[in-house]
Amino acid sequence: MIGKSFILNESVKHYLIIFMFVGLCLALLRIGVNSAIKKIKGKHIGIKILFFTVLLSFGLPFQNWFRKNVIFLMDSEYILPCIITTAASVFVFTILFGLIFKKAKKDEFI
């Protein structure tokens, strides 16, 4: 999609690059949160509640701001390609970084 936009010189190409990096950041955030969740297993219930409270208190307002002030203010023809690019990059980067971190963790103990 990004390559097509550059080849055809579409005006959405800059947005797609930005949203690809947003997907990259979301993938890293997802991996970080998943590893933090694994670390709090077996902890006191108060620690777990505190963790998810802090996570939601930062995540929900940011998500609301991003939706209102970024996505809904964009030209309507840009929204679908940007969302597809973000979702695809989250998927690809999560798998890629998951494999990289798993390999690094495996090599760390050798």
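If you want the working numbering, it's the 1-based position in the sequence shown plus 15. All C-beta atoms in this analysis are idealised placements derived from N, C-alpha and C, irrespective of residue type, glycine included.
Taking 9 angstroms as the cut-off, the beta carbon of residue 101 is found no closer than this to the beta carbon of residue 18. Counted as a single uninterrupted DSSP element, the stretch harbouring residue 86 is not any alpha helix (DSSP H), since DSSP gives it neither H nor E.
Just so you know, the alpha carbons of residue 30 and residue 24 end up roughly 13 angstroms apart.
In this structure, residue 42 places its C-beta atom within 9 angstroms of the C-beta atom of residue 104. Counting of Cβ neighbours within 10 angstroms places residue 69 among the exposed residues, the total staying below 16.
In the three-state reduction of the DSSP assignment, residue 27 falls in the coil class. Counting the other CB atoms within 10 Å of its CB gives residue 40 a total below 16, which places it among the exposed residues.
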